[in-house]
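One structure is given here, and the rest of the page talks about it.
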Amino acid sequence: MKDLLAQTNTQIALYLSEGPTNPSPAPPPGSDKFLTIVSWIGWGATLAAIVALVVAGARFGFRDRHHADHVARRDALRSPQNREHRRSDGHRHPTRGSDHHVQLGRYRHRVAGLAILVALVAGLIGCGSSEDTPATSSSGSQVQVAPTAPPTDVRWVQFAGMAIPQAAEGPTSNPQALAPTGYAHNGPGAALAAISSTIRMSVAADDQWALVAGALASPGPGRDAWSIERSRISITSEVPAGQAPTVLGYTVTEYTPERAVIAIITRQPDQSLTSTTTTVVWTPPGDWRRLIPDPQTEPANPVAVLDSVPPQMIPLPV
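The sequence shown maps to residues 7 to 324 in this note's numbering.
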């Protein structure tokens, strides 16, 4: 009966700590094909409009020029003062009236040509702007780097007597909060999320652990079992000075965009080295969360003793 009450209380605490659900929006089936068809229709309409404008401009220029020549010939026939004359060198020159019409025709030709050029440029820019822009995750970062790339701009924050690394890859949402979130969707972001969630869930006080687990751990049987066990112990103070393990770095055991396995390398107060394996998964609405194994089917996250620092370790500068 006591275990049932403890399980019920922890489930309520975890539910409240998670806050309202915010599933990531998903497009309906077949929407990608529909958008492709719409894109092709847009391209065809744009090209048709450009061709029509070019043809109209060419017809306008030809008709205007023909009209100007007709007016010039008519003026030359009607008015003796406006007829063409010969100079002493034998060349024929247009009169003032015909020259005015010729210049007006040339001006209209230039305006028509400029309008066609502007239409062509606008059409090309409009078609090119239809390309999709890369989407960003809730962490605000979509930088594609190698899974073993080190974090950038590393800094350290204190939580319950432990030093926790943060970097440009996260957290970006309330870095100083009890359970900060918002990690980049790449290897460094996964590693930072794994380290933060493992430390915070290990040392959070009695009035903190439900909020920490609800925000940083992925829902499932593993988290439920961990919560029951956590409710049976009590932590009311920080880790004493000089007794906190020091995070040296990590290794990437496995990485996919959906799941990452990180081995956290730490130096214990007695100077021994340990490796703690933590798995994180990419979950809606878009962040890395710790996946706690189900004790009924999987072993707990192993902690191994090391003889030396692994050569493939990605160090975290202090």
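C-beta: ideal position from N, C-alpha, C; glycine also. Everything numeric in this text was worked out from a predicted model, so none of it was measured.
Notebook entry, point to check: Any chance the CB of Thr282 is under 7 Å from a heavy atom of the ligand MN?
Noted result: For the structure depicted, the ligand MN is absent and the ligand set is empty, with no information on it obtainable.
Notebook entry, point to check: Can the beta-carbon of Gly193 be found closer than 8 Å to that of Ala266?
Noted result: yes
Next item on the list: Please name the residue, chosen from Pro181, Ala197, Gln150, that lies closest to Ile271 on a Cα-to-Cα basis.
Entry: Ala197
Note to self: Which same chain residues end up closer than 6 Å to Gln318 when comparing Cβ atoms and leaving out the 5 residues on each side of it in sequence?
What the structure shows: Thr257
Note to self: When you compare the CB positions of Ala269 and Thr259, do they come within less than 8 Å of one another, or not?
What the structure shows: yes
Item checked: For Thr282, the nearest candidate out of Asp276, Thr252, Thr289 (CA to CA) -> Thr252
Check: Which first and last residues belong to the beta strand (DSSP E) in which Val253 is found?
Finding: 252-261
Next item on the list: Spatial neighbours of Gln150 within its chain, please: CB distance less than 8 Å, with the 5 preceding and 5 following residues excluded, ordered by chain position.
Entry: Asn192
Checklist line | Cβ separation of Ile241 and Ala200, assumed to be a contact under 8 Å, to the nearest whole Å | finding: Going by Cβ atoms, the distance from Ile241 to Ala200 rounds to 21 Å, so no, they are not a contact pair.
Notebook entry, point to check: Per DSSP, which one or two residues make a beta bridge with Asp293?
Noted result: Thr289
Check: Among Glu304, Thr280, Val286, which residue has its Cα nearest to the Cα of Ala373?
Finding: A question about residue 373 goes unanswered here, because the residues of the chain that appear run from 7 up to 324.
Note to self: Rounded to whole angstroms, what is the Cα-Cα separation between Arg238 and Asp300?
What the structure shows: 18 Å
Check: Does DSSP put Arg1 in a helix, a strand or coil?
Finding: Residue 1 cannot be examined here, being either before or after the span of the chain that is shown, 7 to 324.
Check: DSSP puts Pro321 in a beta bridge; with which residues?
Finding: Gly255
Check: Excluding the five sequence neighbours on either side, which residues of its own chain have a C-beta within less than 6 Å of the C-beta of Gly255, listed in chain order?
Finding: Ile271, Met319, Ile320, Pro321, Leu322
Margin query: Alpha carbons only, please: which of Ile170, Gln274, Asp293, Leu184 is nearest the one belonging to Val315?
Written below: Gln274
Item checked: Buried/exposed call for Asp313, threshold 16 Cβ in 10 Å -> exposed
Next item on the list: Quick one: using the 10 Å Cβ neighbour count with 16 as the cut-off for buried, is Val324 buried or exposed?
Entry: exposed
Notebook entry, point to check: Across which residues does DSSP place Met168 in a beta bridge pair?
Noted result: Phe165
Notebook entry, point to check: Do the CB positions of Thr330 and Gly188 come within less than 8 Å of each other?
Noted result: For residue 330 there is no data in the structure shown, the boundaries of the chain being 7 and 324.
Check: Where does Leu217 fall in DSSP's three states?
Finding: helix
Checklist line | Cutoff 8 Å; reference Val124; Cβ partners in own chain excluding five residues on either side | finding: Note that Val124 has pLDDT 46, beneath the 50 cutoff, so the model's placement of it is unreliable and no number is given.
Checklist line | Rounded separation between Thr154 and Gly195 - CA only | finding: 11 Å
Notebook entry, point to check: Taking the DSSP output, what are the residues bridged to Ala173?
Noted result: Gly176
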